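Residue numbers (my numbering), protein chains in the order written: chain B, 1 to 452; chain Y, 1001 to 1452.
Glycine included, C-beta positions come from ideal geometry on N, C-alpha and C.
Quick caveat: nothing in here was measured; it's all calculated off a predicted structure.
Number of protein chains: 2
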Amino acid sequence: MHIELTREFLDELRDNIEKKDKQAAHKMIQNLHPADIAELYGELDIEEAKFIYLMLDKVVAADVLIEMEEAEREEFLKVLSGKTIARQFINEMDSDDAADIIGVLSEKKQQEVLSNIADVEQAGDIVDLLGYDEDSAGGLMAKELIKVNENWNMVQCIREMRKQAAEVDEIYYVYAVTDDDILKGTVSLKRMLLSRPNSIVKNICNENVISVRTDTPSEEVAVIMNKYDLVVLPVIDQIGRLVGRITIDDVVDVMKEEAEKDYQLISGITEDVEPSDKIFLLTRARIPWLFIGLCGGILGARVISIFEKDIMIDPHMAFFIPLIAAMAGNVGVQSSAIVVQSIASNALDLQSTWKKLVKELSVAFINGFILAGLLLIYNLLFTDSLALTVSVSAALFSVIIFASVFGTFIPMMLDRFKIDPALATGPFITTINDITGLLIYLGIARMFYGIF
Amino acid sequence: MHIELTREFLDELRDNIEKKDKQAAHKMIQNLHPADIAELYGELDIEEAKFIYLMLDKVVAADVLIEMEEAEREEFLKVLSGKTIARQFINEMDSDDAADIIGVLSEKKQQEVLSNIADVEQAGDIVDLLGYDEDSAGGLMAKELIKVNENWNMVQCIREMRKQAAEVDEIYYVYAVTDDDILKGTVSLKRMLLSRPNSIVKNICNENVISVRTDTPSEEVAVIMNKYDLVVLPVIDQIGRLVGRITIDDVVDVMKEEAEKDYQLISGITEDVEPSDKIFLLTRARIPWLFIGLCGGILGARVISIFEKDIMIDPHMAFFIPLIAAMAGNVGVQSSAIVVQSIASNALDLQSTWKKLVKELSVAFINGFILAGLLLIYNLLFTDSLALTVSVSAALFSVIIFASVFGTFIPMMLDRFKIDPALATGPFITTINDITGLLIYLGIARMFYGIF
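Right, dumping it as structure tokens:
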């Protein structure tokens, strides 16, 4: 069963740790899932965590390490020798988890860990995996899988499974390969259980198998597994040889990270932070975009200063500055968000850029017409100056058109140049649209005040 | 293999449809995955889609229907009779997919479909599932699973699997239950393959099984499956009887929807839209928040009008209006985004509300100090009025403090009252902070102009 960690549970555990009551502490954690213990670690200080860690068995301890938050894990590994890491943890891990953990260590410590891994084959697998780009299928995959020759029968397959079963945790499929290791198909365990012992792999395997290459980007892997509802995806090399498999849990993490990153970018946060993080971290994550906002604001002040005389003639003109700036920002963020989401979901994209811009323009035109109309009615009722009334609505209309085109165009451009389009959302779009909005508004106002 | 749908492919297919060349069209789609065909449907008009649909075999056609976008599917089902839907599609589906599809039909059509389902047991399962809340484990689960008695041996288990295998697509585990259907544990297929024929389920099953109840909310299901890296999760009723199972692909969809909804709320979009949607839909999704922004802007204009005389005395005061408003908005969105994300990820939350606010205040204090300091230096160098210089920096500092407290507090409040905290992000926070920021700024300015 999974538990909900409560303050009471944590207090009691801490109490037991303080009293050095190993038995009581062990009783509390013995039935916890490694993911729960990892969560506990986040709340304990390093000495308390060490106390708990020492009472875990090797397999659980390795799983806990995998489940820990990256920052906490790094801190934890710092106090351990390369030998301890290799012997206590890595031995019990799948190659992909091991590579993830070793990958963040210093060059020197990596060497130390690798040279202390008892199983040379495992060490070789890890070195192979470390060679792949983190954000590619190669970086996501594990080497552990059950490979069977396409000419084998079920008895041979089960014999092979028995041999490898200790190494491979979860098995849902076995992979059929040729003598040259070329991937030919998959056999589900269900199929194996229901086939006759003398059935030949070749005759029962599903040959219509979806696979990716080691250099397929992680985001594409996520899209494929999600689209085709796969729980495991085989990975092949350039000539079609089977080299690994990716499981859905790793891909769910990729999807979550992607979504969180986009969310943070649109809200002006540069790093993955949580309310429980240290104040310094929370500050550092936020100040860069605020600084850009500040510069934008100063630039905005400069823009308004160009129109100082106009404002002196009618200070009412200043009243609508925040309205125009806010609307420019809102419209820009909406437009860019839609583009970013559709790129992220890799939605079927057969419309030309030109067609998209035309459509975006139509939406902006309707929104602008309605909102500028409403504002016109308001000002006709409550504002004396006709010049101001006309200026504000004309400006709002123009600003909505500009901001939505700009908000659509910039992320599309970034994507074309292989830059993350989400960079264009949030404070970036808002700030630029603010300034342009001011220029448009005050420019139009000057014009209309000249006419009326 | 999966394909990338290209404009060329689509044009060629359309060509074949127009020429009524069944053979050529069939050749093009025969090896496509149902998910790809569903994507194709989105690009075809209803007549073209019908032409393609008629050449699919029943099982594929049912899968295509499941994979289609909800809006397209509803349109497609409108033109079919209840009888056709039941006989052509529902018969080939898992109960959860069938319930999802039937659930959106009109009361009358639901009745028509249900009464035309040939298999009474399947119809019963679907009726059961329709009774659960859409956003609960019951609404996510499928009834199809392999249940074995804890006292059976492997031979009996495999016999049971053979019997049910046609109904259950993907099997990764079988579930061990008591005579009363109470869930006792799971047996992985790997374990089954590697056990002796006379092994008893009770002795080889994993009893430490994580399960949820039918009334567990979907978001909690997603958190649990993600945290414990599960591909399938059994669902039990109030007294522990096994009633269904949830597979990871359905949960991935829940997670994606949650993330997209939060993203849309923070960017001021009220519905799930894509650039390829109709102009009317795109407009309707955006105008509500823009309207709120407009009202906020008008309110902002009213606030400034209170200070009309002050601005007439020094129009420079108006220069920094956009800076203050923009910073208030940015800081507010940052703060609320962090809260929303931590609530969404269900991060271990042992800090008191009070402690969180104090921390948020500290971060705001540091950010405010740095940014107001920078602005002070800028204004000392480039602005003549000391009153303005001091006012602007004091106001920026105060606004940052206020906006971050407000941005933290509101989503936390909403969550306490069981309202989606993400509602507080984006345009909502921005608009309120804009107005309050203006009040603070102009109020402080009036005070300092009185002093200097």
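Once you ignore the five residues that flank residue i on each side, which residues in its own chain have a CB closer than 7 Å to its CB?
| i | result |
| --- | --- |
| Y:GLU1074 | VAL1104 |
| Y:PHE1089 | ALA1061, ALA1062, LEU1065 |
| Y:ILE1085 | LEU1077, VAL1113 |
| B:ALA118 | ASN91 |
| Y:LYS1022 | MET1055 |
| B:LEU423 | LEU265, LEU414 |
May I ask which residues mark the beginning and end of the beta strand (DSSP E) holding residue i?
| i | result |
| --- | --- |
| Y:ALA1176 | 1173-1177 |
| Y:ILE1246 | 1242-1247 |
| B:PRO322 | Note, B:PRO322: premise wrong, no beta strand (DSSP E); alpha helix (DSSP H) at 321-344. |
| Y:PRO1234 | 1232-1236 |
| B:GLY185 | 183-188 |
| B:VAL148 | 147-149 |
Taking Cβ to Cβ, would you say residue i is nearer than 8 Å to residue j?
| i | j | result |
| --- | --- | --- |
| Y:TYR1172 | Y:VAL1231 | yes |
| Y:GLU1160 | Y:LYS1184 | no |
| B:LEU194 | Y:ARG1162 | yes |
| Y:GLY1398 | Y:ILE1440 | The sequence given here has Ser at residue 1398 of chain Y, not Gly. Against a cut-off of 8 Å, the Cβ pair of Y:ILE1440 and Y:SER1398 comes out as a contact. |
| B:SER267 | B:VAL331 | no |
| Y:ALA1328 | Y:SER1391 | no |
| B:VAL168 | B:GLU144 | yes |
| Y:THR1408 | Y:VAL1333 | no |
| Y:ASP1262 | Y:LEU1140 | no |
| Y:LEU1294 | B:LEU371 | yes |
| B:THR214 | B:ALA137 | yes |
| Y:LEU1388 | Y:MET1317 | yes |
| Y:ASN1151 | Y:LYS1083 | no |
| B:SER218 | B:ASP314 | no |
| Y:SER1211 | Y:PRO1197 | no |
Could you tell me whether the Cβ of residue i comes closer than 8 Å to any Cβ of chain B?
| i | result |
| --- | --- |
| Y:ASP1249 | yes |
| Y:PHE1320 | yes |
| Y:MET1312 | yes |
| Y:TYR1474 | Absent from the model: residue 1474 of chain Y. The displayed extent of chain Y is 1001 to 1452, so no value can be given. |
| Y:SER1305 | yes |
| Y:LYS1227 | yes |
| Y:THR1430 | yes |
| Y:THR1178 | no |
| Y:ARG1162 | yes |
Examine chain Y for any beta-carbon lying closer than 8 Å to the beta-carbon of residue i, and answer yes or no.
| i | result |
| --- | --- |
| B:GLU18 | no |
| B:TRP289 | yes |
| B:HIS33 | yes |
| B:GLU308 | yes |
| B:THR270 | no |
| B:LEU348 | In this prediction, B:LEU348 has a pLDDT of 44, which is less than 50 and means its spatial position is unreliable; nothing more can be read from the coordinates. |
| B:SER199 | no |
| B:VAL231 | yes |
| B:MET413 | no |
| B:ASP237 | no |
Whole-angstrom Cβ separation of residue i and residue j, contact assumed at under 8 Å?
| i | j | result |
| --- | --- | --- |
| B:VAL363 | Y:LEU1282 | 5 Å |
| B:PHE319 | B:LEU442 | That belief does not hold up - the Cβ atoms of B:PHE319 and B:LEU442 are roughly 13 Å apart, past 8 Å. |
| Y:ASP1427 | Y:ILE1343 | The sequence given here has Pro at residue 1427 of chain Y, not Asp. Going by Cβ atoms, the distance from Y:PRO1427 to Y:ILE1343 rounds to 19 Å, so no, they are not a contact pair. |
| Y:PRO1322 | B:ASP434 | 6 Å |
| B:ILE200 | B:VAL187 | Actually they are not in contact, since the Cβ atoms of B:ILE200 and B:VAL187 sit about 11 Å apart, beyond 8 Å. |
Start and end of the alpha helix (DSSP H) containing residue i?
| i | result |
| --- | --- |
| B:GLN436 | The question names Gln, but residue 436 of chain B is Thr in the sequence shown. Residues 427-451. |
| B:ASN203 | 201-204 |
| Y:PRO1411 | 1386-1416 |
| B:ILE37 | 34-43 |
| Y:MET1093 | Counting along the chain, Y:MET1093 falls outside any alpha helix (DSSP H), and DSSP gives it neither H nor E. |
| B:TRP152 | It is not in any alpha helix (DSSP H) - B:TRP152 carries neither H nor E in the DSSP assignment. |
| B:LEU10 | 7-18 |
| B:SER305 | 279-306 |
| B:LYS108 | 107-115 |
| Y:VAL1064 | 1058-1067 |
| Y:MET1225 | 1218-1227 |
Spatial neighbours of residue i within its chain, please: C-beta separation below 8 Å, excluding the five flanking residues on both sides.
| i | result |
| --- | --- |
| Y:MET1068 | ALA1038, TYR1041, GLY1042, PHE1076 |
| Y:ASP1464 | This structure cannot speak to residue 1464 of chain Y, because chain Y is shown only from 1001 to 1452. |
| B:TYR228 | ILE210 |
Please list, in chain order, all residues of the same chain as residue i whose beta carbon is under 6 Å from its beta carbon, the five residues on each side excluded.
| i | result |
| --- | --- |
| Y:ASP1125 | SER1095, LYS1143 |
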